[in-house]
Amino acid sequence: MSDSYSLLILPGDGIGREVMAEVRKVIDWLGANRGLTFRVEEGLVGGASYDAHGTPLTDEVMARAQAVDAVLLGAVGGPAYDDLDFSVKPERGLLRLRKEMDLFANLRPAQCFDALADFSSLKREVVAGLDILIVRELTSGVYFGEPRGIHADDNNPDNEGGRVGVNTQRYTSGEIRRVARAAFELAKKRGNRVCSMEKANVMESGILWREEVQWVHDNEYPEVELSHMYADNGAMQLVRRPQQFDVIVTDNLFGDILSDAAAMLTGSLGMLPSASLGAPMANGRPKALYEPVHGSAPDIAGQGKANPIACILSFAMCLRYSFDRAAEADAIEAAVERVLADGVRTADLMGPDGGTAVTTGQMGDRIVAALAAA
Ligand code: NAI
Ligand code: MG
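Mind the numbering: the sequence shown is residues 32 to 405 in our numbering, read in order.
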């Protein structure tokens, strides 16, 4: 196994820059103490890139993103850019990265740290120790299918208002197989179980989804345990007994909804990491972009209040899923767990009884200290 990894860091805007500074501390610690070599480059994205170059992503940064082992992104956007033309809005930079890297598998973990179990809207015993991963297909399905649009419903005098809105759920077998493969590969690095969710009872695209996921399983991953579930039942099971799942794979629309619901089982936006993966590169690693779920949080930017854990856990996902460094990923997650158990809290994690919040920088320092103490 190579222990030299190239990483492009795109801090972006607002708290993106603040939380990324804390990730750098973790990277530096691993480099100095675990013998890993990270070849880290930085670049501009979003408003920061617009300010410097008049575009939210330059061709040069796009090319570097294609060339590295993994990209780590903070967040983009902010009120200073709200009135920009659509074509140069900060979000366009992120969308271009996702599209040109063809990142078709969006990974959203729902992981409950014991010290925060009381933050959940569910009972502690239902969520304590929860660790599931939702894999959402990201580049196809009803958000992209043709035909689409809003039309006059000319030949239908009984239609009050006279209009019709159309979207099309369309999946090719190839699109289903590649996201299924991603899910099985991930399951092999976790609990070795995949649950596929669709609505094969009422949708032909769901029947195809079920058949193709089963095909990939039977032909390529027979050693991974596979089950199928209708997505509406899946929604119920996620709130009833979420611990039954390991990896869930589902389409773009169901995945959008189910991943948001699952994430909220575990507490604050400041805790939620994510990843988007594409096809394997020549070195066997998937194209990959890791980023916290949250945005640039202009309401707290520049005040040292941001929780860096979502971004630090995104880097842990990078170690696990791009670099096959499960030991280091586990160590980071354990350090986060220990710091939270010690009662260290950024402002977003303060309970109703208050207490004193630490700053973004102090949280990063505590996590590095916990890594060093392990
Ligand atoms: P947001 O995620 O930036 O903030 C929502 C709320 O959560 C705010 O009250 C914020 O203070 C809080 N929050 C978010 N992350 C936090 C953290 N790490 N620690 C503590 N508190 C945290 O979403 P919002 O306000 O809707 O959008 C703000 C800007 O971010 C907009 O310009 C939006 O377009 C952009 N955005 C960018 C995203 C990205 O880069 N992937 C995703 C979502 C929004
Ligand atoms: Mg959503």
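We put the CB at the ideal spot given by N, CA and C, even for glycine.
Status (buried if at least 16 other CB within 10 Å, exposed otherwise) for residue i
{"i": "residue 283", "result": "buried"}
{"i": "residue 120", "result": "buried"}
{"i": "residue 336", "result": "buried"}
{"i": "residue 51", "result": "buried"}
{"i": "residue 374", "result": "exposed"}
{"i": "residue 391", "result": "buried"}
{"i": "residue 376", "result": "buried"}
{"i": "residue 339", "result": "buried"}
{"i": "residue 351", "result": "buried"}
Contacts around residue i, its chain only, beta-carbon distance under 6 Å, and the 5 residues preceding and following it disregarded
{"i": "residue 206", "result": "171"}
Inter-residue spacing [alpha-carbon to alpha-carbon] between residue i and residue j
{"i": "residue 75", "j": "residue 343", "result": "19 Å"}
{"i": "residue 135", "j": "residue 311", "result": "12 Å"}
{"i": "residue 387", "j": "residue 372", "result": "15 Å"}
{"i": "residue 64", "j": "residue 405", "result": "12 Å"}
{"i": "residue 332", "j": "residue 112", "result": "15 Å"}
{"i": "residue 39", "j": "residue 353", "result": "13 Å"}
{"i": "residue 247", "j": "residue 66", "result": "37 Å"}
{"i": "residue 403", "j": "residue 90", "result": "39 Å"}
Neighbourhood of residue i by C-beta, 8 Å cutoff - its chain only, sequence neighbours within 5 removed
{"i": "residue 240", "result": "202, 207, 227, 229, 231 and 282"}
{"i": "residue 251", "result": "212 and 215"}
{"i": "residue 143", "result": "151, 158, 159, 160, 161, 162, 296, 297 and 298"}
{"i": "residue 68", "result": "34, 35, 36 and 62"}
{"i": "residue 261", "result": "228, 229, 230, 231 and 232"}
Residue j beta carbon less than 8 Å from that of residue i
{"i": "residue 309", "j": "residue 379", "result": "no"}
{"i": "residue 54", "j": "residue 399", "result": "no"}
{"i": "residue 104", "j": "residue 41", "result": "yes"}
{"i": "residue 307", "j": "residue 345", "result": "no"}
{"i": "residue 257", "j": "residue 225", "result": "yes"}
{"i": "residue 278", "j": "residue 303", "result": "no"}
Whole-Å CB distance - residue i paired with residue j, under 8 Å assumed
{"i": "residue 359", "j": "residue 61", "result": "6 Å"}
{"i": "residue 296", "j": "residue 158", "result": "5 Å"}
{"i": "residue 78", "j": "residue 109", "result": "6 Å"}
{"i": "residue 167", "j": "residue 287", "result": "7 Å"}
{"i": "residue 88", "j": "residue 124", "result": "4 Å"}
{"i": "residue 45", "j": "residue 383", "result": "Wrong, their Cβ atoms sit about 27 Å apart, outside the cutoff."}
{"i": "residue 139", "j": "residue 294", "result": "6 Å"}
{"i": "residue 349", "j": "residue 313", "result": "Between residue 313 and residue 349 the Cβ distance is about 19 Å, and since that is not below 8 Å, they are no contact."}
{"i": "residue 280", "j": "residue 210", "result": "6 Å"}
Proximal residues to residue i (C-beta, below 7 Å), its chain only, five neighbours per side dropped
{"i": "residue 200", "result": "172, 173, 176, 234 and 236"}
{"i": "residue 96", "result": "39, 102, 128 and 132"}
{"i": "residue 155", "result": "148 and 149"}
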